[in-house]
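Undergrad:
Protein chains in written order, with the UniProt record's numbering: chain A, 1 to 255; chain B, 1 to 444.
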């Protein structure tokens, strides 16, 4: 972003990569897939790179409001400094925080989740899918992330993206408003679960596997980790893959 | 004719009114133990929410069988109250079925509808008793319901059954007496459901029938008055509080956590950003987060008094499903129990909130709140828009900011964020490294 600003460019969107998208090995692939799509369709975008910091979501959910606001205010200063108008992110937690919680601290942007952005690109005819690609007719189930679904009522965009791939979308029993959490929200990603008789991601993975889908599609880095671990735990990693939406699209586009 | 029944009726009615007034004042005071908060934005949306969710039962219908049974009781409650109006006028003026001559055959139609609803309530309540005690539906038999909550639930159902039986017996005996030509009684053009009970009473003398009819009448009206007082001690309060509860419910996106402006000023100062507010800091800075009910908003406390312990929240809670201690329903029950404890304390002249106990610690444990994934399933599931998550997150804020009592792994996450602006320990300068692979590919 710094570079573009120095050249007097103001890109259409800011792609908010997020911590998982920057550091998590598995989610870096998602970032790369999404960026390939953006490059392919010629969207002008920028990233903040080292100027980006955690939105503060896990700190806030764990109760540390000071730390959250430190992160938030710093990020808002950076984004306002670049006069950012539109933010796209592949993380529903970043999406929720920037969209709903930054305005109270002076950060007002139009924020969209990458599933919504992909849907936009498909609807606008910018992404042309082969339709007969690798996933044609295959059973895929979509796992709703809490911070996209219930928290922000985005249920259809990711499903529309999947339908554009010509896959057979199979729903789990608990989907949309009744979707079961993967177990990582509310800062659970960063600690061991409390004592219980089962891990939440196992409960959810069992439900996903029961659909008979050959792939589980997600739209969230935490869900991706939790579901991948769940599938491994069930020794199904060779039969069932867990993908982010943008990976599926990029594969179909052959990029 | 003696004026005694009128006098007795009037006294009972006035006494019930007085007790109810005292109880409502008490409940109101307890709810306002919570922090003041003005909630009156978007009134149109609030009225609409109330109409759809409370009056229209929209969210109940996510589970069709209980929703249908509940709807029958709900409609009966509203409609049969019209009959109670007649009871009250009859009681005060010593008349009998005062509306019958006024409404003519419409009256018979109305009475038949009431009787149908009475039967519907009977069937529904029996079904609910079976669900609780025979089928033992999971969410209705969980540990937090042991003791009073389970008894309360069964009592409500039994009271409703008995009240409905009283109405039907009253109508049956009344009509037999009328058919026998007793001039005090009004012969209607046939009451279907209570006529099914006629065989039970037909062999009795006029005297016994008058006794049963009068007994049923008094039993029903005193029963209703007593029940309305009972409700103020019971989870059944939802029949009234569901309305304000939905009106005052959260209209923002569910994922949004309430901002803490008192923190913003300090953060701005630490970051060297000039703050707009130049006024003096408040004399007493309140607690960060919530430890007890007075730290919560009054809306949270009203939520607790509105909860009817149906457990839909808990049955959808991922933590509870997988055997963790957290149960959103228990969170609501704990808030109510604590508010009751403090309220009684104050009324007994004891120190109220300063009784050495608190909501966090004595009622709700850290293990419970630490198990929450903030997934909003409980909020979504509640048929009357109760928000257990809001309470859990406020308690977490207290633990983190006042006690520094968060789990060690969270503390480590905090530290990473403070030093490297990420919950994981990576150098901020490496944030753009994901692009290396793309650059390599481009070169190739």
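Note that the Cβ used here is the ideal one computed from N, Cα and C, for glycine as well.
All values reported here derive from a predicted model rather than from experimental measurement.
Sort out for me which residues DSSP pairs residue 172/B with in a bridge.
TA: Taking the first residue of the second chain as position 1, residue 172/B is located at position 172. Under the DSSP definition of a beta bridge, residue 172/B lacks any partner.
Undergrad: Just reading off the alpha helix (DSSP H) that residue 77/A is part of, what are its end residues?
TA: Locating residue 77/A in the first chain gives position 77, where the first residue counts as 1. 65-81 is the extent of the alpha helix (DSSP H) around residue 77/A.
Undergrad: Am I right that residue 181/A and residue 200/A are in contact with their C-beta atoms under 8 Å? What's the rounded C-beta distance?
TA: Counted from its first residue, the first chain places residue 181/A at position 181. Counted from its first residue, the first chain places residue 200/A at position 200. Yes, they are in contact, since the Cβ atoms of residue 181/A and residue 200/A sit about 6 Å apart, within 8 Å.
Undergrad: Between the region 369-380 of chain B and chain A, which residues of the former have a C-beta closer than 8 Å to a C-beta of the latter?
TA: 370, 371, 372, 373, 374, 375, 376, 377, 379, 380
Undergrad: Given a threshold of 16 other Cβ atoms within 10 Å of its Cβ, counted over all protein chains shown, does residue 3/B qualify as buried or as exposed?
TA: Translated into positions along the second chain, residue 3/B becomes position 3. Residue 3/B is exposed by the Cβ-count criterion.
Undergrad: Measuring alpha carbon to alpha carbon, tell me which residue in 29/A, 7/A, 66/A is nearest residue 436/B.
TA: On the second chain, residue 436/B is found 436 positions in, with the first residue counted as 1. The option with the nearest alpha carbon to residue 436/B is 29/A.
Undergrad: What is the DSSP secondary structure of residue 136/B, reduced to helix, strand or coil?
TA: The residue labelled residue 136/B in the question sits at position 136 within the second chain. Three-state DSSP puts residue 136/B in coil, outside helix and strand.
Undergrad: Please report the distance separating the alpha-carbon of residue 99/A from that of residue 61/A.
TA: Against the first chain, residue 99/A aligns to sequence position 99. Against the first chain, residue 61/A aligns to sequence position 61. Computed Cα separation, rounded: 16 Å.
Undergrad: Shorter than 9 Å from the beta carbon of residue 412/B to some beta carbon of chain A?
TA: As a working note, residue 412/B is residue 412 in the second chain. Judged by the 9 Å Cβ criterion, residue 412/B is in contact with chain A.
Undergrad: Output, in sequence order along the chain, the residues in the region 193-214 of chain A whose CB is closer than 9 Å to any CB in chain B.
TA: 193, 194, 195, 196, 197, 198, 199, 200, 202, 203, 204
Undergrad: If you follow the alpha helix (DSSP H) that residue 34/A is part of, which residue opens it and which one closes it?
TA: Translated into positions along the first chain, residue 34/A becomes position 34. Residues 25-41.
Undergrad: Quick one: what does DSSP say residue 507/B is sitting in, helix, strand or coil?
TA: Missing from the structure shown is residue 507/B; chain B here goes from 1 to 444 and no further.
Undergrad: Is the beta carbon of residue 188/A sitting closer than 9 Å to the one on residue 161/A?
TA: Residue numbering aside, residue 188/A sits at position 188 when the first chain is read from its first letter. Residue numbering aside, residue 161/A sits at position 161 when the first chain is read from its first letter. Not a contact, by the Cβ cut-off of 9 Å.
Undergrad: Exposed or buried, what is residue 88/A when buried is set at 16 or more other beta-carbons lying within 10 Å of its beta-carbon?
TA: The count along the first chain starts at 1 and reaches residue 88/A at position 88. It counts as buried.
Undergrad: Spell out whether any CB of chain B is found under 9 Å from the CB atom of residue 89/A.
TA: Within the first chain, the letter at position 89 stands for residue 89/A. Not one chain B Cβ lies under 9 Å of residue 89/A.
Undergrad: I need the boundaries of the alpha helix (DSSP H) containing residue 344/B, first residue and last residue.
TA: Position 344 of the second chain, counted from the first residue, corresponds to residue 344/B. That run of the alpha helix (DSSP H) goes 328-347.
Undergrad: Given that residue 409/B touches chain A, what residues does it touch there, using C-beta distances under 9 Å?
TA: Within the second chain, the letter at position 409 stands for residue 409/B. Chain A residues near residue 409/B: 190, 191, 192.
Undergrad: Going residue by residue through the region 214-281 of chain B, where are the continuous alpha helix (DSSP H) segments of at least 4 residues, counting only ones entirely within it?
TA: 238-247, 261-270
Undergrad: What in chain A is Cβ-close to residue 325/B, meaning under 9 Å?
TA: As a working note, residue 325/B is residue 325 in the second chain. The answer, in chain order, is 194, 195, 196.
Undergrad: Taking the C-alpha atoms as reference points, what is the distance between residue 329/B and residue 385/B?
TA: By 1-based counting over the second chain, the position of residue 329/B is 329. By 1-based counting over the second chain, the position of residue 385/B is 385. In a straight line, the C-alpha of residue 329/B is about 13 Å away from that of residue 385/B.
Undergrad: Just confirm the distance between the C-beta atoms of residue 358/B and residue 35/B, as a whole number of angstroms; I'd bet it's less than 8 Å.
TA: In the second chain, counting from the first residue as 1, residue 358/B sits at position 358. In the second chain, counting from the first residue as 1, residue 35/B sits at position 35. Residue 358/B to residue 35/B, Cβ: 15 Å. No contact.
Undergrad: In angstroms with no decimal places, state the Cα-to-Cα distance between residue 183/A and residue 22/B.
TA: Taking the first chain and counting its residues from 1, the one referred to as residue 183/A is at position 183. Taking the second chain and counting its residues from 1, the one referred to as residue 22/B is at position 22. Straight-line Cα distance between these residues: approximately 46 Å.
Undergrad: Is there a C-beta anywhere in chain A that falls below 9 Å from the one on residue 267/B?
TA: As a first step, residue 267/B is located in the second chain; it is residue number 267 there, counting from the start. Answer yes: the Cβ-Cβ gap between residue 267/B and chain A drops below 9 Å somewhere.
Undergrad: Below 9 Å between beta carbons: does that hold for residue 71/A and residue 421/B?
TA: Residue mapping note: residue 71/A aligns to position 71 of the first chain, counting from 1. Residue mapping note: residue 421/B aligns to position 421 of the second chain, counting from 1. Going by C-beta atoms, residue 71/A is nearer than 9 Å to residue 421/B.
Undergrad: Measure the alpha-carbon distance for residue 336/B versus residue 149/B and round it to whole angstroms.
TA: Start at 1 with the first residue of the second chain, and residue 336/B comes out as number 336. Start at 1 with the first residue of the second chain, and residue 149/B comes out as number 149. Approximately 12 Å between the Cα atoms of the pair.
Undergrad: Does the distance from the C-beta atom of residue 172/A to that of residue 208/A stay below 9 Å?
TA: Numbered from its first residue, the first chain carries residue 172/A at position 172. Numbered from its first residue, the first chain carries residue 208/A at position 208. Cβ distance < 9 Å, so residue 172/A and residue 208/A count as in contact.
Undergrad: Three Cβ pairs or more, each shorter than 8 Å: is that satisfied between the region 101-118 of chain A and the region 242-252 of chain A?
TA: yes
Undergrad: Does the beta-carbon of residue 106/B have 16 or more other beta-carbons within 10 angstroms, so that it is buried, or is it exposed?
TA: If you number the second chain from 1, residue 106/B lands on position 106. Exposed is the call here.
Undergrad: Along the region 421-432 of chain B, where does the CB come closer than 8 Å to a CB of chain A? Name the residues.
TA: 421, 422, 423, 424, 426, 428, 429, 430, 431, 432
Undergrad: What did DSSP end up calling residue 74/B once you bin it into helix, strand or coil?
TA: Taking the second chain and counting its residues from 1, the one referred to as residue 74/B is at position 74. Correct three-state label for residue 74/B: helix.
Undergrad: Just to make sure I have the definition right: I need the residues of chain B whose C-beta is within less than 9 Å of the C-beta of residue 35/A. Which are they?
TA: On the first chain, position 35 is the one that residue 35/A refers to. Ordered by position in chain B, the residues that pass the 9 Å Cβ test against residue 35/A are 434, 435, 438.
Undergrad: Does residue 400/B get closer than 9 Å to chain A when you measure Cβ to Cβ?
TA: Counting from one through the second chain, the residue named residue 400/B turns up at place 400. Taking Cβ atoms only, chain A reaches closer than 9 Å to residue 400/B, which makes this a yes.
Undergrad: Mapping DSSP to helix, strand and coil, what is residue 316/B?
TA: For the purposes of this step, residue 316/B is taken as residue 316 along the second chain, with counting starting at 1. It is helical.
Undergrad: Inspect the beta-carbon positions of residue 117/B and residue 75/B and report whether they are closer than 9 Å.
TA: Taking the first residue of the second chain as position 1, residue 117/B is located at position 117. Taking the first residue of the second chain as position 1, residue 75/B is located at position 75. Cβ atoms of residue 117/B and residue 75/B: closer than 9 Å.
Undergrad: So, under 8 Å CB-CB, residue 252/B and residue 194/A are touching, yes? Tell me the CB distance rounded to an integer number of Å.
TA: Position 252 of the second chain, counted from the first residue, corresponds to residue 252/B. Position 194 of the first chain, counted from the first residue, corresponds to residue 194/A. Residue 252/B to residue 194/A, Cβ: 28 Å. No contact.
Undergrad: For residue 442/B, tell me which candidate among 39/A, 27/A, 17/A has the shortest Cα-Cα distance.
TA: If you number the second chain from 1, residue 442/B lands on position 442. With distances taken between CA atoms, residue 442/B lies nearest to 39/A out of 39/A, 27/A, 17/A.
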